[in-house]
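Chemist:
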């Protein structure tokens with residue numbers, strides 16, 4: 001054993017989570033990939049990830065954020081169109097939906113910042 005302070009459970013969790021992250025990537029389920037990579041980071045025995053782990057962490061967050069950014073742009077565009085047309089009755093619904101997407105974006109950003117600050 002190279003690192004005696006690493007329990008077999010941590011090593012097992014890390015290995016399994018890494019595998020599941022790759023599986024989630026292949027299935028294009030990036031939110032799940034984010035969750036699995038969070039487990040990899042938390043189970044890491046050092047403050048630095050392997051190159052493959054670092055790349056997977058990046059891919060997971062890039063795609064989770066990217067899809068919401070695209071959603072935000074679409075909803076914002078619709079909001080502007082409805083505003084310019086004077087369709088005030090739909091604006092509260094559109095704004096509420098845009099705020100939901102913004103909250104998801106903010107949560108994902110907070111998540112990666114928490115991992116970076118707390119573990120890496």
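Numbering (full-length UniProt numbering), first residue to last: 1 to 120.
Ideal Cβ positions, reconstructed from N, Cα and C, are used throughout, including at glycine.
Nothing here was measured: the structure is a model prediction, and the numbers come from that model.
Hey, is the region 20 to 27 in contact with the region 48 to 63, meaning 3+ C-beta pairs nearer than 8 angstroms?
Modeler: They touch, by the three-pair rule.
Chemist: Is residue 34 closer than 8 angstroms to residue 111 when the C-beta atoms are compared?
Modeler: Yes, these two residues count as a Cβ contact at 8 angstroms.
Chemist: Can you give me the Cβ contacts of residue 94 inside the same chain, cut-off strictly under 7 angstroms, excluding the 5 residues immediately before and after it?
Modeler: 75, 78, 79, 82.
Chemist: Quick one: is residue 103 buried, meaning 16 or more other Cβ sit within 10 Å of its Cβ, or exposed?
Modeler: By the neighbour-count rule (16 or more Cβ atoms within 10 Å), residue 103 is not buried but exposed.
Chemist: Can you list, in chain order, the residues of its chain whose CB lies under 7 angstroms from that of residue 13, leaving out five sequence neighbours each side?
Modeler: These residues qualify, in order along the chain: 39, 43.
Chemist: Is DSSP giving residue 43 helix, strand or coil here?
Modeler: Helix.
Chemist: Check residue 6 in the structure and name its three-state DSSP category.
Modeler: With a pLDDT of 44 at residue 6, under the threshold of 50, the modelled position of this residue cannot be trusted; read the value that follows with caution. Of the three classes helix, strand and coil, the one that applies to residue 6 here is coil, per DSSP.
Chemist: Measure the C-alpha to C-alpha separation of residue 190 and residue 21 and round it to an integer number of angstroms.
Modeler: In the structure as shown, the chain starts at 1 and stops at 120, and residue 190 therefore has no counterpart that could be examined.
Chemist: Please report the residue range of the alpha helix (DSSP H) in which residue 103 lies.
Modeler: Run containing residue 103: 91 to 119, per the alpha helix (DSSP H) assignment.
Chemist: Could you tell me which of 56, 86, 117 sits nearest to residue 36, measuring between CA atoms?
Modeler: Taking only the C-alpha atoms, the option nearest residue 36 is 56.
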